[in-house]
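K.L.:
Protein chains: 2
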Amino acid sequence: MGRRKLEIKRIESKSNRQMSFCKRSKGLMKKAKAISILCDVDVAVVIISNRGKLHEFSSTNSLTGILQRYETHVEAEIQAAEHSKYSSMTTGELLEETERQLEKTNADGLTVTDLIHLENELQTSLIQIRARKTHLMLESVKALHEKEKLLRKEKKHLEKNRARMKKNRKVNEMSDLPPQRVTLSFF
Amino acid sequence: MGRRKLEIKRIESKSNRQMSFCKRSKGLMKKAKAISILCDVDVAVVIISNRGKLHEFSSTNSLTGILQRYETHVEAEIQAAEHSKYSSMTTGELLEETERQLEKTNADGLTVTDLIHLENELQTSLIQIRARKTHLMLESVKALHEKEKLLRKEKKHLEKNRARMKKNRKVNEMSDLPPQRVTLSFF
DNA sequence: TGGACTATGTATAAATA
DNA sequence: TTATTTATACATAGTCC
Numbered sequence: 027m028g029r030r031k032l033e034i035k036r037i038e039s040k041s042n043r044q045m046s047f048c049k050r051s052k053g054l055m056k057k058a059k060a061i062s063i064l065c066d067v068d069v070a071v072v073i074i075s076n077r078g079k080l081h082e083f084s085s086t087n088s089l090t091g092i093l094q095r096y097e098t099h100v101e102a103e104i105q106a107a108e109h110s111k112y113s114s115m116t117t118g119e120l121l122e123e124t125e126r127q128l129e130k131t132n133a134d135g136l137t138v139t140d141l142i143h144l145e146n147e148l149q150t151s152l153i154q155i156r157a158r159k160t161h162l163m164l165e166s167v168k169a170l171h172e173k174e175k176l177l178r179k180e181k182k183h184l185e186k187n188r189a190r191m192k193k194n195r196k197v198n199e200m201s202d203l204p205p206q207r208v209t210l211s212f213f
Numbered sequence: 027m028g029r030r031k032l033e034i035k036r037i038e039s040k041s042n043r044q045m046s047f048c049k050r051s052k053g054l055m056k057k058a059k060a061i062s063i064l065c066d067v068d069v070a071v072v073i074i075s076n077r078g079k080l081h082e083f084s085s086t087n088s089l090t091g092i093l094q095r096y097e098t099h100v101e102a103e104i105q106a107a108e109h110s111k112y113s114s115m116t117t118g119e120l121l122e123e124t125e126r127q128l129e130k131t132n133a134d135g136l137t138v139t140d141l142i143h144l145e146n147e148l149q150t151s152l153i154q155i156r157a158r159k160t161h162l163m164l165e166s167v168k169a170l171h172e173k174e175k176l177l178r179k180e181k182k183h184l185e186k187n188r189a190r191m192k193k194n195r196k197v198n199e200m201s202d203l204p205p206q207r208v209t210l211s212f213f
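In the order they appear, the protein sequences are chains P and X.
Numbering-wise (the numbering used here), the first sequence opens with residue 27 and increments by one.
Numbering-wise (the numbering used here), the second sequence opens with residue 27 and increments by one.
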């Protein structure tokens with residue numbers, strides 16, 4: 027959308043392509059943000075430039091949340107597809123076949139059942155880890171607050187001490203001076 | 027971009043919000059496609075509407091490719107940031123280590139940093155596991171499709187055979203009839 | 001519900017600094 | 001390189017059907 031109409035095909039000039047990417051990726055992220063706010067939806071955008079650099083936008087804190095929901099959707103679709111496409115089989119045939127498929131080991135030696143189990147375990151661990159992390163971070167913050175208080179107190183004391191020492195030094199300097207100098211200094 | 031300037035905040039009117047979502051999501055996908063072609067980059071967009079419906083665009087055949095590369099990036103960043111004993115572990119070892127770590131609740135050895143790292147590793151494993159699971163389930167579906175085709179063929183054959191047998195039975199019945207009945211039947 | 005219209009706001013290609 | 005400017009193309013909010 028500039029001085030002239032642009033055909034949608036790879037921009038051959040490297041510098042133009044780079045500039046276009048810079049502008050358009052910003053624009054895309056802005057629009058993604060706008061739709062997420064205006065329409066109250068979750069949006070994730072991932073761009074991987076040809077130099078391998080990653081650019082991302084996510085309406086929530088982390089992409090992973092949205093991506094997990096994407097995975098869930100895919101799984102649901104698969105199940106829906108299974109349901110509709112194989113309605114011609116009898117229930118018995120379908121069950122047998124599904125079980126056979128599920129138990130058939132793959133290259134990793136892990137069945138879908140194994141994977142689901144593993145997934146659950148990982149999920150549980152993740153939740154525990156996150157709870158523990160949050161707890162520790164809260165404690166850290168508390169501890170830091172305490173530390174801060176102590177430091178403030180110390181600082182106050184030090185300032186008081188310094189003020190006192192300064193005063194004392196002045197007095198000492200005066201008393202350390204030779205009498206004649208002291209006398210002179212009075213004139 | 028319309029008759030008037032629009033403030034970027036949730037559109038309260040439901041119908042307006044819905045219409046805006048429809049237009050803007052189309053626009054977003056179009057722009058995503060444009061940048062992917064013009065600038066020769068991989069782009070993935072996932073939108074989950076508040077009613078839970080999924081909309082997506084991906085410059086490659088499947089989102090998973092881009093998302094895996096996203097995960098790879100995240101992992102690479104983590105590994106670049108801090109070298110850890112965890113990153114070289116398999117999922118199983120990771121789980122074991124996590125459980126071991128969680129058991130010694132009082133130990134001071136487990137810092138927040140450790141926990142964040144563990145969390146990231148678990149997250150990565152979880153995503154890998156889910157991708158693998160999805161992949162396997164897709165394969166199952168494919169296999170079931172093949173099976174369905176075969177079953178349909180068999181069914182067809184069986185129906186043909188049954189039709190032929192029926193016909194043969196009729197012919198036999200006819201030939202069993204007395205000659206005068208047969209003759210009459212022609213008028 | 002789903003286009004089609006159109007006035008207006010936005011995005012951006014190219015030029016410039 | 002990155003920022004600013006300008007001229008245009010593009011997107012879309014409100015509207016009608």
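Beta carbons: idealized from backbone N, C-alpha and C, even for Gly.
The structure presented is a predicted model; accordingly, all values stated were derived computationally and were not measured.
#1: Anything in chain P within Cβ reach of LYS57/X, meaning under 8 Å, just list it in chain order.
#2: Under 8 Å, Cβ to Cβ, is there at least one residue of chain X near SER75/P?
#3: How would you label ARG36/X, buried or exposed, when you count the other beta carbons within 10 angstroms and need 16 or more for buried?
#4: Tell me whether ILE34/P sits in a helix, a strand or coil according to DSSP, three-state version.
#5: If you compare alpha carbons, which of LYS56/X, SER51/X and SER62/X is closest to SER75/X?
#6: Using 8 Å as the Cβ pair cut-off and three pairs as the minimum, do the region 50-66 of chain X and the region 46-64 of chain P touch?
#7: So if DSSP puts SER84/X in a beta bridge, which residue, or which two residues, is it bridged to?
#8: Can you grab the Cα-Cα spacing for the pair GLU145/X / VAL67/X, in whole Å?
#9: Alpha carbon to alpha carbon, how far is LYS56/P from ARG29/P? Give it in angstroms, no decimals.
#10: Start and end of the alpha helix (DSSP H) containing SER62/X?
#11: Find the nearest neighbour of ARG43/X within the set CYS65/P, ARG43/P, LYS40/P and LYS31/P, judged by alpha-carbon distance.
#12: What separation, rounded to the nearest whole angstrom, lies between the Cα atoms of LEU32/X and GLU38/X?
#13: Against SER46/P, what residues of chain X qualify as contacts under a CB-to-CB distance less than 7 Å, listed in chain order?
#14: If you run the structure through DSSP and keep just helix, strand and coil, what is LYS193/X?
#15: Quick one: is ARG188/X near chain P, going by C-beta distance under 8 Å?
#16: If you measure beta-carbon to beta-carbon, which residues of the region 27-42 of chain X are closer than 8 Å to chain P?
#17: Does LEU224/X have its Cβ less than 8 Å from a Cβ in chain P?
#18: Once you ignore the five residues that flank GLU82/P on each side, which residues in its own chain have a CB closer than 8 Å to its CB?
#19: Under 8 Å, do GLN149/P and LEU177/X count as touching if we go by C-beta distance?
#20: Return the CA-CA distance between LYS236/X and LYS79/X, expressed in angstroms with no decimal places.
P.N.:
Per the coordinate set shown:
#1: ARG50, GLY53, LEU54 and LYS57
#2: So, interface residue.
#3: Flag for ARG36/X reads exposed.
#4: coil
#5: SER51/X
#6: yes
#7: ALA70/X
#8: 30 Å
#9: 22 Å
#10: 40-64
#11: CYS65/P
#12: Spanning the alpha carbons of LEU32/X and GLU38/X requires a straight line of approximately 13 Å.
#13: LEU64 and CYS65
#14: helix
#15: no
#16: Correct list: LEU32, ILE34, LYS35, ARG36 and ILE37.
#17: Summary: the structure shown does not reach residue 224/X, with chain X confined to residues 27 through 213, and so no result is reported for it.
#18: ALA70, VAL71, VAL72, ILE73 and LEU89
#19: no
#20: Limits of chain X in this structure are 27 at one end and 213 at the other, which puts residue 236/X out of reach.
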